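Notes follow the structure.
There are 2 protein chains.
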Amino acid sequence: MKYWVLGLLLWTACGWSQGDDQKQIDAIFEESLTAGKSYDWLNYLSNRIGGRLSGSIQAEQAVKYTKNQMDSLDFDRIWLQPVMVPKWVRGTPEFAYIESKPGITNNVPITALGGSVATPAGGIKARVVEVKSLEELSSLGRDGIAGKIVFFNQPMQPGLINTFEAYSGAVEQRYKGAMEAAQYGAVGVIVRSLTLRLDDLPHTGFMTYGDLPVEQRIPAAAISTNGAELLSTTLKLDPNIRFYFKQSCKSLSDVESNNVIGEIRGSTYPDEILLVGGHLDSWDLGDGAHDDGAGCSQSIEAVRLLLATGYRPKRTIRVVLFMSEEIGLAGAKKYAEEAKRKGENHIFALESDAGGFTPRGFSFDCSSENLDRILSWKPLFEPYLVHRFVSGGSGADIGPLKDGNIVLGGLRPDSQRYFDHHHAENDTFEHINRRELELGAAAMSGLLYLIDKYGIVINSKG
Amino acid sequence: MKYWVLGLLLWTACGWSQGDDQKQIDAIFEESLTAGKSYDWLNYLSNRIGGRLSGSIQAEQAVKYTKNQMDSLDFDRIWLQPVMVPKWVRGTPEFAYIESKPGITNNVPITALGGSVATPAGGIKARVVEVKSLEELSSLGRDGIAGKIVFFNQPMQPGLINTFEAYSGAVEQRYKGAMEAAQYGAVGVIVRSLTLRLDDLPHTGFMTYGDLPVEQRIPAAAISTNGAELLSTTLKLDPNIRFYFKQSCKSLSDVESNNVIGEIRGSTYPDEILLVGGHLDSWDLGDGAHDDGAGCSQSIEAVRLLLATGYRPKRTIRVVLFMSEEIGLAGAKKYAEEAKRKGENHIFALESDAGGFTPRGFSFDCSSENLDRILSWKPLFEPYLVHRFVSGGSGADIGPLKDGNIVLGGLRPDSQRYFDHHHAENDTFEHINRRELELGAAAMSGLLYLIDKYGIVINSKG
């Protein structure tokens, strides 16, 4: 009888608890979909401020705006964390054409890659060599490359369902192409835009020269996919055609900027920190609505949803909007460095940086014990179809926090449309669907709630 | 030993079979995403033909175009099935305003509901009574209604994750509102557009007068959600304001049109028919890309994908593009009637009529034996994240085929954006994402392949 009663009590306790959790998560989704703030906040960030290149005036406006936004909510403490960030400026609009015969030219849309040097003031005109990979470049050697523009034309693979995998498979040409081509004497680099669409929009993105001396650096730009197809076809007809491009971008000295941080102090375990965030900077071509204005507004909203539904966190919850993710992760590195210096105990960090699309689930980078615990929560998210929980990466900004015990998580939205907009002029607010954005914010909030309530498994070997 | 060998053989056979199925489905998705035709076909249907109202010249152009499309593929037989369909025409553009004081007016966007009568040539101006439901209408009675315009203002519920549920919960006011209001002496009906967005686009849709005598029919129109909010607010400030609207739509005599049918004859069981389809007609405001041009091009593509990947169906597979779904389902009824008359044995029918968005899975209306068999195939679709298989409705056009044994299925895409576009002028091709459309076509093709290969469970009690 005693055992039976105990069993009943346990069953009731568990049943109650599961029911409570579902009720809390239901309340979060209801609040987000009926009285959500993420869409209006993102509207302001996108349309009133716009593209927020690291080191730009817009980036500073975004710092002020999001700090004020948090000031209007019930955060216990809000502060700016100073960080020196790169400042690269695009200058006047780029210009490029294919010259199939002297005097016969077709203009094509290009955009300088982030971090690239300028062309000489009069531009560069040279013969072109098309390659599909760094390996192919290397096989051509100095004889095949010197004095030419290297055209990296590896498309993303459309057969991959996760478009981020297709991106990863093709991004090396953008990141390292100029550095490698310069070593064979190339005079410039043109890279096929990393998108699965065929269209006229060039997609920018970060690139590196590594340790290459300044005088050996060559300018690099992305060409739209239609432009890439045209260039490739024209080259097949006549390998002697020439390509012209001109850009005036340059890197200035680093400037001081800030990560924006807001904190709700935990009632019971204030020293255990749960972080939720995205990055506040963006590229300059669009307004950075998907990358990553969405993640910033969702992160603040995720905390607001907890408070609006009457939940008081037991642990400390911190929103961090990282600066300069697109150009080298300065904000993320600074945050992790300061956290380490202060001996802060981050048990969980969650990033949204894959677009404001319908959320499909989360990916986690953590111990198998923690993954098992998290997987047991999947049924709570199934009514919202955000229940694909997988092991995998998390987010670039929270990566530097990785240590033995921390659970890192990333929101995983539907990825089909992301690279239509990524780093291009059509990454704009009009391509945000309110409900999709709100579902993501709610899912993030629900996960914060569960980790706050149940904590994480501490592995003593960690 | 003998048992062990038998076990191994069975295991090998099953393993092989599962592997073959995955290979076939992988090939289908690869073909769709790398060499798919659905997007280009839908581009033509949407941008070269446009909105395809039942009985219109565009609907006839769509019949010819899709028949030609199938003629260019390896169908064994293609034919047009004649059907008499309603012809309702919109006439000159509608016009409406709120008159808060004599001479002080605000124009608001409206669109006549499909099937509605016109207003008198000079329009209607009358006081307005706002209700949220047919019950509220009935409670007001003739005293509260007679001589007025009834304004049905029940919003769709944003908290529901499946937006089709939110639509179902609010569509009665559009379908029956005028019929009910007329019986209390109302002079006209204005219905809040069925969308979850607040914007300026009115959304049309079908409505009925039931058995109401012609002389008692009153005009009905949809107002944009922003217009509905304005009207409601204005009414709260002053219940005596008046509303004016004018529309010149009318129903003409039925005209002959066609269902478009293409068939691949089964090699082994030609008398067992698998149907895949969508509806060819659309509303006239946009170009009907999502509703249901997407379903039509996906249905033809689903069959092309089978052939392009080298699969020869054992059973007969038939593409049916139904006419006049939006205005009373004449095509669907005709098809089912003819199938019954000829004693045709349809074992499976699959419809895509929920937009060309990222597919999340399928819903099935079938026996539990068949559902169990189908559920066992879910892992084959998991790599494509189209593995949410649920019991539920299928599609309006295939509904009339329901009998004891047939398995009915519906493609279930992500529903968050559907009602942003549904029946409005922004249901256009530019809101179609190529990959999302192609994933849907591939998922449909994969399901056809499995049902063709394994058949369905026949319940003798059926």
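Protein chains in written order, with the numbering used here: chain A, 104 to 565; chain B, 104 to 565. Note that beta-carbon positions come from the ideal geometry of N, C-alpha and C, so glycine has one too. Keep in mind it's a predicted model, so treat the numbers as computed, not measured.
Of all residues in the stretch 516-547 of chain B, only Asp517, Gln519, Arg520, Asp523, Asn536, Arg537, Arg538, Glu539 and Leu542 place a beta-carbon less than 8 Å from a beta-carbon of chain A. When the beta-carbon positions are compared, A/Arg320 and A/Val231 stay at least 8 Å from each other. In the structure shown, A/Phe532 falls within a helical segment according to DSSP collapsed to helix, strand and coil. The residue from B/Arg476, B/Gln350, B/Pro373 and B/Glu275 with its alpha-carbon nearest to that of B/Tyr557 is B/Arg476. At a Cβ-Cβ threshold of 8 Å, B/Thr419 and B/Arg368 count as neighbours. Here the alpha carbon of B/Ala435 sits roughly 9 Å from the alpha carbon of B/Leu504. By the criterion of a C-beta distance shorter than 6 Å, A/Gly153 is surrounded in its chain by Gln161 and Asp390, once the five residues flanking it on both sides are discounted.
Of all C-beta pairs linking the stretch 398-418 of chain B to the stretch 124-143 of chain B, three or more are shorter than 8 Å, placing the two stretches in contact.
By the neighbour-count definition (other C-beta atoms within 10 Å, threshold 16), B/Ala433 is a buried residue. For B/Arg463, the neighbours in chain A by C-beta distance under 8 Å run, in chain order, Leu488. Taking 8 Å as the CB threshold, B/Leu483 stays off the interface with chain A. B/Asp517 is a Cβ neighbour of B/Phe460, given a cutoff of 8 Å. In terms of beta-carbon proximity, A/Thr328 stays away from the interface with chain B, with every pair separated by 8 Å or more. By the beta-carbon neighbour count (other beta carbons within 10 angstroms, threshold 16), A/Leu355 is exposed. With 16 or more other Cβ atoms from the protein chains shown falling within 10 Å of its own Cβ, B/Asp523 counts as buried.
For the set A/Arg537, A/Asp555, A/Thr531 and A/Asn536, the Cα lying nearest the Cα of A/Asn150 is the one of A/Thr531.
Residue environment for A/Thr371: exposed (fewer than 16 other C-beta atoms within 10 angstroms of its C-beta). In this structure B/Leu542 does not touch B/Pro482 by the C-beta definition: roughly 17 Å separates them, more than the 8 Å allowed. Here DSSP, grouped into helix, strand and coil, assigns B/His449 to strand. For B/Val406, the enclosing alpha helix (DSSP H) begins and ends at Ala397 to Ala411. By the beta-carbon neighbour count (other beta carbons within 10 angstroms, threshold 16), A/Gly507 is exposed.
Beta-carbon to beta-carbon, A/Phe451 and A/Leu378 are separated by about 7 Å, close enough to satisfy the 8 Å threshold. Residue-level contact check: B/Thr419 does not touch chain A, since none of the beta carbons of chain A fall below 8 Å from its beta carbon.
Taking 8 Å as the cut-off between beta carbons, the residues of the stretch 286-301 of chain A near chain B are Leu299 and Arg300, in sequence order. Any Cβ of chain A closer than 8 Å to the Cβ of B/Gly262 would place that residue at the interface, and such an atom is present. Collapsing the DSSP output to three states places B/Ser356 in a strand. Taken atom to atom, the span from the alpha-carbon of B/Gly446 to that of B/Gly365 is near 18 Å.
Taking the Cα positions, A/Val422 is about 11 Å away from A/Thr169.
Bounds of the alpha helix (DSSP H) holding B/Val166 are Ile160 to Asp174.
At least one CB atom of chain A sits nearer than 8 Å to the CB of B/Leu136.
When the beta-carbon positions are compared, A/Ser135 and A/Ala544 come within less than 8 Å of each other. With fewer than 16 other CB atoms across the displayed protein chains lying within 10 angstroms of its CB, B/Lys339 is exposed. CA-to-CA, the gap between B/Phe198 and B/Asn210 works out to about 8 Å.
For B/Trp182, the uninterrupted beta strand (DSSP E) segment begins and ends at Arg180 to Val192. Boundaries of the beta strand (DSSP E) around A/Ala323: Ala323 to Ile326.
Non-local C-beta neighbours of A/His393 in its own chain, meaning closer than 6 Å and more than five positions away in sequence, comprise Gly458, Gly459, His524 and Asp530, ordered along the chain.
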